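To start, the structure under review is shown below, and the notes come after it.
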Amino acid sequence: MHVLVQAALHLNSQYITLFSVYFNINGYTALSFTYLSQCRMKILTSKPILLACICLLTSLIASGQSKKVDFWLTNLDKSALFRHEPAMPLQKLDKSKAIETPVVSINGKKKFQEIDGFGFTLTGGSAQHLMGMSKTARTALLKELFSTAGSGIGMAYLRVSIAASDLNEKVFSYDDLPQGQTDPEMRHFDLGPDRNDVLPILKELLAINPKLKILGSPWSPPVWMKDNGDTRGGSLKPEWYDAYARYFVRYIQDMQKEGVRIDAITVQNEPLHPGNNPSLLMLAKDQAIFVKNHLGPAFEKAKIDTKIIVYDHNADKPEYPITILDDPEAKKYVNGSAFHLYGGTIDALSKVHDAHPDRHLYFTEQWMGAPGNFEKDFPNHIKNLTIGATRNWARTVLEWNLTSNPQNRPFTDRGGCDRCLGGVTIDGDNVTRNAAYYVVAHASKFVLPGSVRIDSGTNASIGKSPDEKLLNVAFLRPDGKKVLIVMNDSDAEKKFTIQDGANFVVTRLKAGSVGTFVW
Numbered sequence: 001m002h003v004l005v006q007a008a009l010h011l012n013s014q015y016i017t018l019f020s021v022y023f024n025i026n027g028y029t030a031l032s033f034t035y036l037s038q039c040r041m042k043i044l045t046s047k048p049i050l051l052a053c054i055c056l057l058t059s060l061i062a063s064g065q066s067k068k069v070d071f072w073l074t075n076l077d078k079s080a081l082f083r084h085e086p087a088m089p090l091q092k093l094d095k096s097k098a099i100e101t102p103v104v105s106i107n108g109k110k111k112f113q114e115i116d117g118f119g120f121t122l123t124g125g126s127a128q129h130l131m132g133m134s135k136t137a138r139t140a141l142l143k144e145l146f147s148t149a150g151s152g153i154g155m156a157y158l159r160v161s162i163a164a165s166d167l168n169e170k171v172f173s174y175d176d177l178p179q180g181q182t183d184p185e186m187r188h189f190d191l192g193p194d195r196n197d198v199l200p201i202l203k204e205l206l207a208i209n210p211k212l213k214i215l216g217s218p219w220s221p222p223v224w225m226k227d228n229g230d231t232r233g234g235s236l237k238p239e240w241y242d243a244y245a246r247y248f249v250r251y252i253q254d255m256q257k258e259g260v261r262i263d264a265i266t267v268q269n270e271p272l273h274p275g276n277n278p279s280l281l282m283l284a285k286d287q288a289i290f291v292k293n294h295l296g297p298a299f300e301k302a303k304i305d306t307k308i309i310v311y312d313h314n315a316d317k318p319e320y321p322i323t324i325l326d327d328p329e330a331k332k333y334v335n336g337s338a339f340h341l342y343g344g345t346i347d348a349l350s351k352v353h354d355a356h357p358d359r360h361l362y363f364t365e366q367w368m369g370a371p372g373n374f375e376k377d378f379p380n381h382i383k384n385l386t387i388g389a390t391r392n393w394a395r396t397v398l399e400w401n402l403t404s405n406p407q408n409r410p411f412t413d414r415g416g417c418d419r420c421l422g423g424v425t426i427d428g429d430n431v432t433r434n435a436a437y438y439v440v441a442h443a444s445k446f447v448l449p450g451s452v453r454i455d456s457g458t459n460a461s462i463g464k465s466p467d468e469k470l471l472n473v474a475f476l477r478p479d480g481k482k483v484l485i486v487m488n489d490s491d492a493e494k495k496f497t498i499q500d501g502a503n504f505v506v507t508r509l510k511a512g513s514v515g516t517f518v519w
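Be aware that the sequence shown starts at 1, since it is given in UniProt numbering, and climbs by one per residue.
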């Protein structure tokens, strides 16, 4: 082949550029048609027979290249932690031969929901730990977390608290006033403490990934709007519904002025958990009234296209978002509903989807407790969130706090989480990657925004050994590549076949291990 390329050089110097580019790019089959077409255009000015031979042989060589399956592996004993394994060639099925192993089959023609991304929540404490690092160390870590280049895991979705969460040093809102004062027009609204840590980190992240989507969630409105005058618990007074809607508008507008676009908000974090600090009790009927008569119209008037997402609490109460969505005047303003999994089962998301298939589902929070138990935490989150939530229509899967320090601080008094383990633990410039990091990495690096979940399962049309312990979920990316995540939810190593149409590959996973396969 080298001789033929050199012959092309003597015919026309442009051809050497043509072929040298060709042989140094992956994905040969697709490119062969492009270059064959270009060769044919040159036949009019050069020796046609030789050039046709060059193009034909090039095309044959290209089409003969076997498509490879890339494979990333994590084992429960940590012998492999998101390790890139040797690529495996896809093989053609021989229908005359039976497949002896269990089969995980892919059907790219059957599509489900689009994916927005995977990630964490950037709490005030998380941002504080990041700001405490040297700039060099912080930049390296943020690139690892939010870039897909090199070893980056490519997180594309991030949740932030609107004012303080329970993982801040102290409780604050964006419109705190002396007792007895009110501010219905938001004249004293200010992003305040977030200017010291959350905003600088968000700006650094957006410089790394300008397409990063950000979800804002409030833990509590200002206390002057509440019936108990306390940051903890209580309810929003109806007379302040309009003012609270303006509070959301100002938040979105002021963040935009800082260069941070808020893609979506949830109306209230954990509206049925008033025991945290800060927190707010907001029943479904009250949230429906607030959305349809105040928040939705306020966004409409201000020409704000930020998505409104309801609920944002546990899977044991799917009737909460269904109640809101059953109200057509509220539903018209609602993009979807969000869930956590501290109660209930993940299939509750499908109940909401079945009741309102024209509205979206989001999974927005799940913690891991310090000091952590990798052998339990990692498979549990892969099973219920990465696989479980996406198989039940979730467009996002978000773990809880992005970073923690060795003491799991800061947290607020009277209810703040004192055992919340971050995706990474930061101690000065030293970084420890915890189980949640690997949970997110197995999806975020490969399942790019705009990917669509496609059908996958172990009840294949071929073979005689379907295996329900090979948990799986599959996606079709915008670039045409497919991603399959498989977990061996059994106590023994399993050898199995991945089937994609007329192609297959045979691989194996140890007990509890997780593999991400890309082709």
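We treat Cβ as the ideally placed atom computed from N, Cα and C, and that holds for glycine.
Remember, it's a predicted structure, so these values are computed and weren't measured experimentally.
Nearest neighbour of residue i, chosen from the options [CA to CA]
i	options	result
Val439	Gly124, Met155 and Thr412	Met155
Val506	His84, Ser105, Arg83 and Ser79	Ser105
Pro184	Leu212, Gly132, Glu169 and Lys237	Lys237
Val424	His442, Asn405 and Gly416	Asn405
Ile262	Leu470, His84, Trp219 and Thr306	Thr306
Pro89	Tyr247, Tyr342 and Lys68	Lys68
Val452	Leu76, Glu114 and Glu85	Glu114
Lys110	Gly416, Asp455, Arg414 and Lys383	Asp455
Asp413	Ala98, Asp116 and Thr231	Thr231
Ala492	Ile498, Lys482, Leu272 and Leu509	Leu509
Gly450	Asp286, His188 and Thr396	Thr396
Phe290	His273, Asp326, Tyr251 and Ala245	Ala245
Tyr362	Lys78, Lys97 and Asp116	Asp116
Proximity of residue i and residue j at Cβ, strictly below 8 angstroms
i	j	result
Trp72	Thr516	yes
Ala284	Ile324	yes
Leu476	Asn488	no
Gly233	Ser279	yes
Lys292	Ala330	yes
residue 529	Val310	The requested residue 529 does not occur in the structure, where the chain is confined to residues 1 to 519.
Gln268	Met255	no
Arg359	Asn335	yes
Asp316	Glu270	no
Asp472	Ile382	This sequence places Asn at residue 472; Asp is not what is there. No, the Cβ-Cβ distance between Asn472 and Ile382 is not below 8 angstroms.
Ile99	Thr497	yes
Asp429	Ser134	yes
Gly124	Asp70	no
Ala436	Met368	yes
Lys481	Ala474	no
Ala288	Asp327	yes
Arg419	Asn401	no
For residue i, three-class secondary structure by DSSP
i	result
Ser404	strand
Phe248	helix
Lys257	helix
Leu130	helix
Thr396	strand
Gln108	According to the sequence as given, residue 108 is Gly; it is not Gln. It is a strand residue.
Phe504	strand
Ile153	coil
Val447	coil
Phe290	helix
Ala140	helix
Trp367	coil
Ile346	coil
Leu236	strand
Glu100	coil
Contact set for residue i: own chain, Cβ-Cβ below 8 angstroms, skip 5 residues either direction
i	result
Arg159	Gly119, Phe120, Thr121, Leu122, Ile214, Leu215, Gly216, Ser217, Thr364, Glu365 and Leu398
Pro371	Leu421
Asp479	Leu448
Glu144	Ser151, Gly152 and Ile153
Leu177	Asp183, His188, Pro222 and Trp224
Nonlocal neighbours in the same chain, by C-beta distance under 6 angstroms from residue i, ignoring five residues either side
i	result
Ile201	Ala127 and Leu130
Phe146	Met155, Leu205, Ile208 and Asn209
Gly512	Leu76 and Pro379
Asn276	Asp166 and Gly415
Glu375	Leu76
Glu169	Pro410
Contacts around residue i, its chain only, beta-carbon distance under 7 angstroms, and the 5 residues preceding and following it disregarded
i	result
Leu142	Glu204, Leu205 and Ile208
Thr148	Gly154 and Lys445
Ile346	Ala315, Asn384, Gly388, Ala389 and Asn392
Leu44	Confidence is the limiting factor: at Leu44 the pLDDT is only 32, short of 50, which leaves the residue's position unreliable, though a coordinate-based value still follows. Within the same chain, Leu44 has no close Cβ partners at all.
Ser350	Asn392 and Trp393
Tyr342	Asn314
Flag this pair as touching only if the stretch 157–175 and the stretch 218–227 have three or more C-beta atom pairs under 8 angstroms; answer yes or no. yes
Are the stretch 89–103 and the stretch 492–502 touching, with three or more C-beta to C-beta distances below 8 angstroms? yes
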